[in-house]
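For the sequence shown, my numbering begins at 1 and goes up steadily by one.
The beta carbon of each residue, even a glycine, is placed where N, CA and C say it ideally should be.
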Amino acid sequence: MEEKQHVAVFGASGHTGRFVVAELRERGYVPLLLGRDPAKLRAEPGSQARRASADDPASLDRALDGAAAVINCAGPFAATAAPVIEAALRAGIPYLDVAAELEANVDTFAHFAERARAADTLVVPAMAFYGGLGDLLVTTAMGDWTAADEAHIAYGLSSWHPTAGTLASGVVSDRRRGGRRVRFTGGRLEYHDDARPTLEWPFPAPLGPQNVLGEFTMADAVTVPSHLAIPEVCTYMTVKAAADLSAPNAQAPAAVDERGRSAQTFVVDVLVRSGGVERRIAATGQDIYAITAPLVVEAVDRVLTGRTSATGVASAGAAFDAPDFLRALSAHLSLDFLDAPLDTHSGHRRGGGGDAARSGDDESAHLPPFAAGLLLRPDARPTARPGTRPGAALPGGHVPRHRPGHAGLR
Ligand SMILES: NC(=O)c1ccc[n+]([C@@H]2O[C@H](COP(=O)([O-])OP(=O)(O)OC[C@H]3O[C@@H](n4cnc5c(N)ncnc54)[C@H](OP(=O)(O)O)[C@@H]3O)[C@@H](O)[C@H]2O)c1
Numbered sequence: 001m002e003e004k005q006h007v008a009v010f011g012a013s014g015h016t017g018r019f020v021v022a023e024l025r026e027r028g029y030v031p032l033l034l035g036r037d038p039a040k041l042r043a044e045p046g047s048q049a050r051r052a053s054a055d056d057p058a059s060l061d062r063a064l065d066g067a068a069a070v071i072n073c074a075g076p077f078a079a080t081a082a083p084v085i086e087a088a089l090r091a092g093i094p095y096l097d098v099a100a101e102l103e104a105n106v107d108t109f110a111h112f113a114e115r116a117r118a119a120d121t122l123v124v125p126a127m128a129f130y131g132g133l134g135d136l137l138v139t140t141a142m143g144d145w146t147a148a149d150e151a152h153i154a155y156g157l158s159s160w161h162p163t164a165g166t167l168a169s170g171v172v173s174d175r176r177r178g179g180r181r182v183r184f185t186g187g188r189l190e191y192h193d194d195a196r197p198t199l200e201w202p203f204p205a206p207l208g209p210q211n212v213l214g215e216f217t218m219a220d221a222v223t224v225p226s227h228l229a230i231p232e233v234c235t236y237m238t239v240k241a242a243a244d245l246s247a248p249n250a251q252a253p254a255a256v257d258e259r260g261r262s263a264q265t266f267v268v269d270v271l272v273r274s275g276g277v278e279r280r281i282a283a284t285g286q287d288i289y290a291i292t293a294p295l296v297v298e299a300v301d302r303v304l305t306g307r308t309s310a311t312g313v314a315s316a317g318a319a320f321d322a323p324d325f326l327r328a329l330s331a332h333l334s335l336d337f338l339d340a341p342l343d344t345h346s347g348h349r350r351g352g353g354g355d356a357a358r359s360g361d362d363e364s365a366h367l368p369p370f371a372a373g374l375l376l377r378p379d380a381r382p383t384a385r386p387g388t389r390p391g392a393a394l395p396g397g398h399v400p401r402h403r404p405g406h407a408g409l410r
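(1) What is the rounded straight-line gap between the Cα of Trp-417 and the Cα of Leu-207?
(2) In three-state terms, what does DSSP make of Pro-382?
(3) May I ask which residues mark the beginning and end of the alpha helix (DSSP H) holding His-111?
(4) Let me know if Val-171 comes out buried or exposed under the rule of 16 or more other beta-carbons within 10 Å of its beta-carbon.
(5) Look at Phe-337 and Ile-281 and say whether their C-beta atoms are less than 8 angstroms apart.
(6) Please state the DSSP three-state secondary structure of Leu-133.
(7) Please report the straight-line C-alpha distance between Leu-102 and Pro-45, rounded to a whole angstrom.
(8) Just list the residues that DSSP pairs Glu-278 with in beta bridges.
(9) Is it right to say Ala-58 is buried, meaning 16 or more other beta carbons lie within 10 angstroms of its own, or is it exposed?
(10) Say yes only if the C-beta of Arg-36 is nearer than 7 angstroms to one or more non-hydrogen atoms of ligand 1, and no if none qualify.
(11) I'd like to check one pair, Leu-96 with Ala-299: are the Cβ atoms closer than 8 angstroms?
(12) Among the candidates Val-222, Met-237, Arg-176, Pro-209, whose CA atom is the shortest distance from the CA of Ala-110?
(13) Taking the C-alpha atoms as reference points, what is the distance between Ala-82 and Leu-60?
(14) Using the Cβ count rule (16 or more neighbours within 10 Å means buried), how would you classify Ala-384?
(15) Check whether the Cβ of Val-9 lies closer than 7 angstroms to any heavy atom of ligand 1, and answer yes or no.
(16) If distances are taken between C-alpha atoms only, which option among Ile-93, Pro-294, Gln-251, Gln-264 comes closest to Val-7?
(17) Quick test of your reading: Ala-219 and Tyr-155, contact by CB under 8 angstroms. State the CB separation rounded to the nearest angstrom.
(18) Is the distance from the Cβ of Leu-474 to the Cβ of Ala-119 below 8 angstroms?
(19) Roughly how far, in whole angstroms, is the beta-carbon of Arg-71 from the beta-carbon of Val-123, given that I think they are within contact range, below 8 angstroms?
(20) Can you grab the Cα-Cα spacing for the pair Ala-69 / Gly-214, in whole Å?
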């Protein structure tokens, strides 16, 4: 009988780590529960808990003994990614993490690409909802394109009850940016102090048009351009979810089903443009923390079963066959290819379309014309209050048609 492989999970005591441990068990792996506080590690029969600390390399080496791969779920990753990657390189095993901290993702590419390649091993940063799913969707939408002018990733979250780890990571990122904001434009990450634009994004039905914050820059701004020639990568977040995240009394996610998922739903609506031609795909599911587990465990499974030839540091879209990967997640994600183009020039409910908006509104100065056409007039902007549905009071917009059965992804 084939022996089950052991996969180490650093940060196994956390909200995301627990989803990952459960998913590994479900997929036939033996999880090794790693963490700095053994009292918090709940090892069930058949799994082992091992103390390991990011600032104690010997403890990491002992904890990784016998592991076929390691998944790092311990954030803030500014403190954990480098030491755990170093330990994975010493052990000669693949490393994957769920880091949504842009700067930590950039560091992983910058510091470990050559060493991981030389060691003939694979490091996959941001193999999670943020950074991983968006990258897989953009890569799938690109199809046979090798380059595009713009990629837009709109996050339609019904709410966002953040974990302590998410909030701590936000504080670390904010500190590293000196309180500034970041966007990916002109082929590079740019730090700035400009106001964040508010737009109306035409999510597909049943969500429909929602007010979103533009330049809500997530890990996709690192993962997508790491392997695709796209100079503008723009990400958007529903105003409601952004307000939940920054609320002073932000609530942690609460389980509503037997898998431990919260009631949060998401739509990730991705559009790529090249020479005026648009391709679009959307993924729908439940709970951004829970979905991270099938994403990262599917990735581990593909690495351990030889379904990637990548070495070095590679994002999800670079390491894996993106459409095939998404198809494998059909139990967790619904995918829709959507007809483009969107109606960005109707003008009656927006701040004017395209070039008019660019010249008339400072907020649009750094937005590609497509996004500038979605800008809301200042008097149409929502006052984001938890419990309201931003955009509900605004006239409905164009809802793209669903193209059934496209590309055999169902
Ligand atoms: N990219 C994405 O879409 C995505 C999805 C899910 C999660 N994440 C990220 O993953 C991280 C964890 O999230 P979570 O929801 O699991 O948060 P959480 O429930 O607060 O858990 C945080 C985990 O990290 C561990 N940890 C934190 N700092 C550590 C350090 N210096 N050394 C060792 N362990 C440390 C904690 O261990 P202790 O219990 O010992 O403190 C705990 O196990 C966050 O950064 C979050 O943003 C990203």
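According to the structure shown:
(1) Look at the range of the chain in this structure, 1 to 410, and you will see that residue 417 is not part of it.
(2) Because the pLDDT of Pro-382 is 46, which lies under 50, any placement of that residue in the model is unreliable, and the number read from its coordinates should be weighed accordingly. The DSSP-derived three-state label of Pro-382 is coil.
(3) From DSSP, the alpha helix (DSSP H) with His-111 extends over 102-118.
(4) Per the 10 Å Cβ criterion, exposed.
(5) One thing to note: Phe-337 has its Cβ within 8 angstroms of the Cβ of Ile-281.
(6) Of the three classes helix, strand and coil, the one that applies to Leu-133 here is helix, per DSSP.
(7) If you take the alpha carbons of Leu-102 and Pro-45, they lie about 37 angstroms apart.
(8) In the DSSP assignment, the residues bridged to Glu-278 are Arg-273.
(9) Classification for Ala-58: exposed.
(10) Yes, the Cβ of Arg-36 comes within 7 angstroms of a heavy atom of ligand 1.
(11) For Ala-299 and Leu-96, yes; Cβs fall inside 8 angstroms.
(12) Of the candidates Val-222, Met-237, Arg-176, Pro-209, the one whose C-alpha sits nearest the C-alpha of Ala-110 is Val-222.
(13) Their backbone Cα atoms lie some 12 angstroms apart in a straight line.
(14) Annotation note: pLDDT 36 at Ala-384 (below 50); position unreliable, no value reported.
(15) No, since every heavy atom of ligand 1 falls outside the 7 angstroms radius drawn around the Cβ of Val-9.
(16) It is Ile-93.
(17) The Cβ separation is near 12 angstroms, so there is no contact.
(18) Only positions 1 to 410 of the chain appear in the structure, and residue 474 is not among them; the question remains open.
(19) The residue asked about is misnamed: residue 71 is Ile in this sequence, not Arg. Ile-71 to Val-123, Cβ: 12 angstroms. No contact.
(20) The alpha-carbon atoms of Ala-69 and Gly-214 are separated by roughly 36 angstroms.
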